[in-house]
Amino acid sequence: MFNVAIFERSVQNDNYAFSIYICYLVYAPLYLAGPIISFNAFASQLDVPQNNYSVRDVTWYGLRWVFSLLLMELMAHLFHYNAFAISGLWKQLSPMDVFIIGYGICGIEAPENMPRCINNCHNLESFWKNWHASYNKWLVRYMYIPLGGSRKKLLNVWVIFTFVAIWHDLEWKLLSWAWLTCLFFIPEMILKSAASALQVESSLGQFVFRELSAVAGAITITCLMVANLVGYVIGPSGIHWLVSQFLQKEGLPVLGGMFLTFYIGTKVMVWNYF
3 MFNVAIFERS VQNDNYAFSI YICYLVYAPL YLAGPIISFN AFASQLDVPQ
53 NNYSVRDVTW YGLRWVFSLL LMELMAHLFH YNAFAISGLW KQLSPMDVFI
103 IGYGICGIEA PENMPRCINN CHNLESFWKN WHASYNKWLV RYMYIPLGGS
153 RKKLLNVWVI FTFVAIWHDL EWKLLSWAWL TCLFFIPEMI LKSAASALQV
203 ESSLGQFVFR ELSAVAGAIT ITCLMVANLV GYVIGPSGIH WLVSQFLQKE
253 GLPVLGGMFL TFYIGTKVMV WNYF
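Per the working numbering, the sequence shown runs over residues 3 to 276.
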């Protein structure tokens, strides 16, 4: 309610009645939200209504009140400090959460962890460069290069993936995942080294090369899925079961459909990449 500026007036003795006093006590606009006025100011206006504010003044005050309400609503949506304080949600933050929020203010830049969609990688090297890329950079800097880099990559890959498995957790499933990944990685590295030395100039040769690359990509994606299934789902004891299921009469169409899908997907990936 808007504030009524009224001076104290003298009140006749007849107005000092118990009934008027009760009206003063229970007059809702005053005892609920204020503003507070004295009994004399209230009782005197029962006989003589206020005339201090014109219709124009009341309208302007109402517009100002609406503007203030909208402004507070806007601030309530944009600034959440009041809700944050009242909800007590901050009490549920662990010390690590508080430190991480504080560290974010420092502005230390970290590399993008997923620079490329993992479903847009048709070889193991590309996949592991883009899956947790920051960890990959760390491994290259502190392990791969000190171990000899690309000169000894056929050996380095075993050391690095074994370390990664142990870094996650010391489980046979994870070690199986690491060693299966290395086993699938070796042929890819050998074929990529041979392909880089191969010069294909004819149209037929380029066509054959693209088709073989798509086949290799389909095989690689399948091997990657198998390694991840062994490492994170079925474990090394489930390898025989997985292979036997695919080689059964019911599993061969599924395997063929997967291979065809990965073959087409690899061709799309290579085409989009270039």
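Glycine included, each C-beta is placed from N, C-alpha and C at the ideal position.
This one's a predicted model, so the numbers in the text were calculated from it and none came from an experiment.
Between residue i and residue j, what straight-line distance do the alpha-carbon atoms span, to the nearest angstrom?
i	j	result
Ile-102	Ala-85	21 Å
Ser-128	Leu-156	17 Å
Asp-99	Leu-182	36 Å
Ala-112	Asn-132	15 Å
Met-77	Pro-37	25 Å
Ser-196	Ser-215	Note on residue identity: the sequence assigns Ala, not Ser, to residue 196. One C-alpha to the other measures close to 13 Å.
Ala-180	Gly-151	19 Å
Glu-2	Asn-122	The structure shown does not extend to residue 2, since the chain is modelled only from 3 to 276, so the question has no answer here.
Leu-149	Cys-119	29 Å
His-82	Met-74	12 Å
Met-191	Leu-80	53 Å
Ser-198	Trp-169	33 Å
Leu-244	Lys-269	27 Å
Pro-255	Leu-200	35 Å
Phe-224	Asp-171	Position check: residue 224 holds Thr in this sequence, whereas Phe was assumed. Their backbone Cα atoms lie some 25 Å apart in a straight line.
Lys-194	Trp-92	53 Å
Ser-205	Glu-213	12 Å
Leu-226	Asn-125	9 Å
Phe-260	Val-142	The identity of residue 260 in the sequence shown is Met, whereas the question assumes Phe. Met-260 and Val-142: Cα-Cα distance of roughly 33 Å.
Asn-54	Ile-107	54 Å
Ser-239	Gly-253	19 Å
Asn-115	Asn-230	19 Å
Lys-175	Leu-72	59 Å
Run the CB neighbour count on residue i, radius 10 Å, all protein chains shown included, and call it buried at 16 or more, exposed below.
i	result
Ser-21	exposed
Met-271	buried
Ala-220	buried
Asn-158	buried
Tyr-146	buried
Leu-65	exposed
Ile-88	exposed
Lys-251	exposed
Phe-44	buried
Cys-184	buried
His-242	exposed
Trp-62	exposed
Ser-178	buried
Ala-218	buried
Once you ignore the five residues that flank residue i on each side, which residues in its own chain have a CB closer than 7 Å to its CB?
i	result
Ile-188	Leu-156
Trp-130	Asn-138
Leu-32	Ile-38, Ile-39
Could you pull out every residue in the same chain whose Cβ sits closer than 6 Å to the Cβ of residue i, ignoring the five residues on either side in sequence?
i	result
Val-202	Gln-208, Phe-211
Phe-41	Tyr-26
Gly-90	none
Tyr-329	No answer is possible for residue 329: the residues shown for the chain start at 3 and end at 276.
Counting only the same chain and skipping the five closest in sequence on each side, list residues whose C-beta sits under 8 Å from that of residue i.
i	result
Val-161	Met-145, Leu-149
Taking 8 Å as the cut-off, does the stretch 227–237 touch the stretch 137–145 (at least 3 CB pairs, one atom from each stretch)?
The stretch 227–237 and the stretch 137–145 do not touch, with fewer than three beta-carbon pairs separated by less than 8 Å.
Are three or more beta carbon pairs between the stretch 87–97 and the stretch 160–175 nearer than 8 Å?
Touching, no, given that fewer than three Cβ pairs across the two stretches are closer than 8 Å.
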